[in-house]
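This report concerns only the one structure given below.
In this note's numbering, the protein residues as written are 273 to 913.
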């Protein structure tokens, strides 16, 4: 409102207001996530753009697509080299800085017009720009927090933790069943972590948020929206509760949404104005390297892109596309096949029959609420049935703009086929498993299309009021996305400053805090996380083991067998076989293990809340048994072969 009134009254400094507003979320990230993470994000972006500039991507496709293509290339290079012991911080920093220095002139030529264009758009539409900055501020709050998410600490942090500690990735599918699942996002986080010398979730999540907003802008413009409406669509995207949720975690669906928005914009662009087949191949390759199920989103768009090319050029286009897609997409699937015999490990193991996982087709039966005509309503208002969320986590954007989108789709073919594609792909994934996070890419596309459609039917002032109300409502629903957001740790951060991050981590994720402390004291310690429901080995540098049923089936079975022996003899045998130096447990809930450890001479080395870290007093119990590590180190086996 202030920006609108300032512009109407001709205040000459009004164009600066959006720039000041845009500095707010960036300042929050720098202050609370830290300079190292902010610097890692900048260096990762510059290195990706420098690599993309070698192929002249930006001049034809824009800087956002150049960034995605460059990130795809970096991810592919590192992904194929993960088993080799070459991943050291000094080497990464040297190569990145050399690449930026060599391509500095191209980077300057790429960045300068982009900054001029962005400043022109922000200055020309200050009110909409400030609304976008406000939505981005809410979405970026998750970047302030340490990594508290379950999946991050159980799975996603392992890759960067091992590269920082050992310089290579072990491909250890016995300690963590998801070790060779599509790993593009984890690899990008690992690159940023090596730049920063520490975990760097916020660095990559920030880039995905910016790319998601630019993808929403690009898609809106591709379907005929004015700059004002495109800014509104980007704000609606950023304000969606799940957009902010994905800044709290390394889970991949937020990244998938960002890439898919750009791919949808490409598909909505006339064939002559699209980027070339190599760029599209890199983008789709990254999409498939993020998650296998993204093929359901990508395949219809690819069919359209190929068929819309001139008849005589289709075969050549397809050949160039596949040649660029395969090296980017194939690394994790190839290593999964080489290590386990199942390229989709651990999925469909009843068919592939890998010995490293039960012979079953993985499916999480907790999220099978069913699909019906009222599912879209239930997703919005009964969201807790579709994931670890609270009602409202899906946001209101899709439901609120759906009538306008349907009316616009009836009148115009372009939004019609895009909306049908997003609905069909999302419904197919939802039919397989009724889990909200998996369909966020489809919801993001539909929210953008719905915002553009609303602008076509509503008066300018009515549209502005509706979008502002929608952005505010969705922003207020952000705490419904997880118990982490619901506990409002930002109040403590604002009171106590960045130092409160460590206290928040200790309170919310005591297992991680204990594990980090023991690894800092004894980097080669062998730590058993004895609670099968808390397999938080992510910060363990490859030296921590869990007893989770799906993550480490072998040790889970051994743990169940040990619990049947009240004398503790089987527990002693299991601990000796592993070579455990430390055990993390809650003695009140695990009395048999607590008694066994006391009898073996394990003493309390650290505490956090109800959890104890018990360590062996024997000097030779400082590392996991070499035989266990050698047996599970699949990278060493592959290199010897």
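Backbone N, C-alpha and C fix where the C-beta goes; we use that ideal spot for every residue, glycine too.
No experiment lies behind these values; they were computed from the predicted model shown.
DSSP beta-bridge partners of residue i
{"i": "residue 885", "result": "856 and 878"}
{"i": "residue 799", "result": "816 and 854"}
Nearest-angstrom Cβ-Cβ length linking residue i and residue j, presumed shorter than 8 Å
{"i": "residue 375", "j": "residue 325", "result": "5 Å"}
{"i": "residue 810", "j": "residue 424", "result": "6 Å"}
{"i": "residue 815", "j": "residue 807", "result": "Not quite, the Cβ-Cβ distance comes to about 14 Å (not below 8 Å), so this is no contact."}
{"i": "residue 854", "j": "residue 886", "result": "7 Å"}
{"i": "residue 323", "j": "residue 371", "result": "7 Å"}
{"i": "residue 494", "j": "residue 723", "result": "Between residue 723 and residue 494 the Cβ distance is about 13 Å, and since that is not below 8 Å, they are no contact."}
{"i": "residue 308", "j": "residue 477", "result": "Going by Cβ atoms, the distance from residue 308 to residue 477 rounds to 15 Å, so no, they are not a contact pair."}
{"i": "residue 348", "j": "residue 600", "result": "4 Å"}
{"i": "residue 749", "j": "residue 667", "result": "6 Å"}
{"i": "residue 711", "j": "residue 721", "result": "Not confirmed; about 15 Å, so no contact."}
{"i": "residue 215", "j": "residue 535", "result": "In the structure as shown, the chain starts at 273 and stops at 913, and residue 215 therefore has no counterpart that could be examined."}
{"i": "residue 625", "j": "residue 778", "result": "No, residue 625 and residue 778 are not in contact; Cβ-Cβ is about 43 Å, not under 8 Å."}
{"i": "residue 747", "j": "residue 407", "result": "7 Å"}
{"i": "residue 401", "j": "residue 290", "result": "3 Å"}
{"i": "residue 543", "j": "residue 592", "result": "In fact, because the Cβ distance is near 15 Å, the residues do not count as touching under 8 Å."}
{"i": "residue 310", "j": "residue 301", "result": "6 Å"}
{"i": "residue 883", "j": "residue 783", "result": "7 Å"}
Top-ranked residue by Cα proximity to residue i, from the options
{"i": "residue 510", "options": "771, 412, 800 and 551", "result": "412"}
{"i": "residue 515", "options": "731, 821, 708 and 862", "result": "708"}
{"i": "residue 847", "options": "858, 524 and 834", "result": "834"}
{"i": "residue 403", "options": "501, 461 and 581", "result": "501"}
{"i": "residue 817", "options": "682, 850 and 458", "result": "850"}
{"i": "residue 474", "options": "347, 842, 415 and 355", "result": "415"}
{"i": "residue 465", "options": "727, 449, 359 and 556", "result": "359"}
{"i": "residue 857", "options": "804, 898 and 719", "result": "804"}
{"i": "residue 694", "options": "679, 706 and 714", "result": "714"}
{"i": "residue 446", "options": "613, 763 and 826", "result": "826"}
{"i": "residue 443", "options": "355, 703, 433 and 882", "result": "355"}
{"i": "residue 345", "options": "561, 294, 845 and 406", "result": "561"}
{"i": "residue 564", "options": "616, 631, 520 and 434", "result": "616"}
{"i": "residue 800", "options": "794, 673, 787 and 793", "result": "787"}
{"i": "residue 270", "options": "364, 704, 859 and 784", "result": "Any question about residue 270 goes unanswered here, given that the chain covers just 273 to 913."}
{"i": "residue 907", "options": "630, 611 and 732", "result": "611"}
{"i": "residue 570", "options": "872, 556, 497 and 594", "result": "556"}
{"i": "residue 318", "options": "363, 619, 368 and 763", "result": "368"}
{"i": "residue 378", "options": "328, 350 and 588", "result": "328"}
{"i": "residue 698", "options": "716, 684, 682 and 417", "result": "716"}
{"i": "residue 480", "options": "398, 586 and 339", "result": "339"}
{"i": "residue 418", "options": "586, 436, 306 and 492", "result": "306"}
{"i": "residue 680", "options": "496, 641 and 410", "result": "496"}
{"i": "residue 384", "options": "335, 397, 396 and 342", "result": "335"}
{"i": "residue 898", "options": "655, 733 and 796", "result": "796"}
{"i": "residue 823", "options": "628, 489, 792 and 295", "result": "628"}
{"i": "residue 641", "options": "768, 656 and 518", "result": "656"}
{"i": "residue 648", "options": "394, 665 and 871", "result": "665"}
{"i": "residue 828", "options": "304, 792, 449 and 314", "result": "449"}
{"i": "residue 719", "options": "672, 312 and 865", "result": "672"}
Within-8 Å CB hit, residue i to chain D
{"i": "residue 559", "result": "The displayed structure is made up of one protein chain only, and chain D is not part of it."}
- prompt: Pairing CB atoms from the stretch 528 to 536 with CB atoms from the stretch 481 to 500, are three or more of them under 8 Å?
  reply: yes
- prompt: Enumerated in chain order, which unbroken segments of the alpha helix (DSSP H) with a length of 4 residues or greater are wholly contained in the stretch 536 to 599?
  reply: 549 to 562 and 566 to 579
message: Which complete alpha helix (DSSP H) runs does the stretch 321 to 382 hold, if anything under 4 residues is left out?
response: 329 to 333, 335 to 352 and 361 to 374
- prompt: Any chance the stretch 604 to 617 sits against the stretch 450 to 465, with 3 or more Cβ pairs inside 8 Å?
  reply: yes
query: Which ranges would you report for the beta strand (DSSP E) in the stretch 626 to 713 if only whole runs of at least 3 residues count?
result: none
task: Would you check if the stretch 536 to 550 and the stretch 518 to 528 touch, i.e. whether three or more CB-CB distances between them fall below 8 Å?
output: no
message: For the stretch 735 to 753 against the stretch 684 to 702, do three or more pairs of beta-carbon atoms, one drawn from each stretch, fall closer than 8 Å, so that the two count as touching?
response: no
field: Given 8 Å, three or more beta-carbon pairs between the stretch 723 to 734 and the stretch 648 to 662
entry: no
Segments assigned beta strand (DSSP E), at least 3 residues, entirely inside the stretch 755 to 802: 799 to 801
message: For a minimum of 4 consecutive residues, which ranges assigned as the alpha helix (DSSP H) are wholly contained in the stretch 450 to 479?
response: 456 to 468
query: Going along the chain, which unbroken runs of the alpha helix (DSSP H) with 4 or more residues stay wholly within the stretch 513 to 538?
result: 513 to 517
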